[in-house]
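Residue numbers (the numbering used here): 1 to 163.
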């Protein structure tokens, strides 16, 4: 591939990234308007599931959010019974956040909702197109993650698509 062709492709991706961010923001705003105002709190379930019990400060770092915002969200999650606080074995003064069975169930509901949404969005894609996009999108995200300092997600294995 020539340098000019590669640069044109990279410029196209660069121009598409802000659109992608705006669309994701739009999806979140639509969900909030439909009564899902606690979605910001619910997304904290994903890193707790992926990484296991975390201190609240570690969770804030994982999601790149202000600790006071995460604190409010965690309070909601605890009140709803989706997360519980457990003593930190390495420091008795601290606690770790642990997903409850209800939290796991809520997470599965969120994943199901996402899959249903993406099923609609990609309804006219072939299986091969979906596989190709998934592989390439995963590579792009891994590449971006590697450029971020202290991003633990950069080294996490990615999921594979099975036909």
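Backbone N, C-alpha and C define an ideal beta-carbon position, used for all residues, glycine too.
Under the three-state DSSP convention, the category residue i falls into
i: residue 116; result: helix
i: residue 54; result: strand
i: residue 5; result: helix
i: residue 60; result: helix
i: residue 163; result: Confidence at residue 163 is low in this model, with a pLDDT of 37, below 50, so the placement of that residue is unreliable and no value is reported for it.
i: residue 105; result: helix
i: residue 76; result: helix
i: residue 33; result: helix
i: residue 47; result: helix
i: residue 81; result: coil
i: residue 136; result: helix
i: residue 126; result: coil
i: residue 154; result: Unreliable positioning characterises residue 154 in this predicted model, as indicated by a pLDDT of 41, which lies under 50. A coordinate reading is not provided.
Sheet register partners of residue i (DSSP bridge)
i: residue 164; result: The requested residue 164 does not occur in the structure, where the chain is confined to residues 1 to 163.
Spatial neighbours of residue i in its chain, beta-carbon cut-off 8 Å, leaving aside the 5 residues before and after
i: residue 102; result: 80, 81 and 82
i: residue 88; result: 55, 94, 95 and 96
Residues of its chain near residue i, where Cβ-Cβ distance is below 6 Å and the 5 sequence neighbours each way are ignored
i: residue 45; result: 103 and 107
Beta-carbon contacts of residue i that lie in its chain and below 7 Å, excluding the five residues immediately before and after
i: residue 133; result: none
> Does the region 86-102 come within contact of the region 49-69, defined as at least 3 CB pairs closer than 8 Å?
Replying inline: yes
>> Using a Cβ distance threshold of 8 Å, determine whether the region 60-69 contacts the region 112-132, with at least three qualifying pairs required.
In response: no
> Hey, is the region 140-150 in contact with the region 71-88, meaning 3+ C-beta pairs nearer than 8 Å?
Replying inline: no
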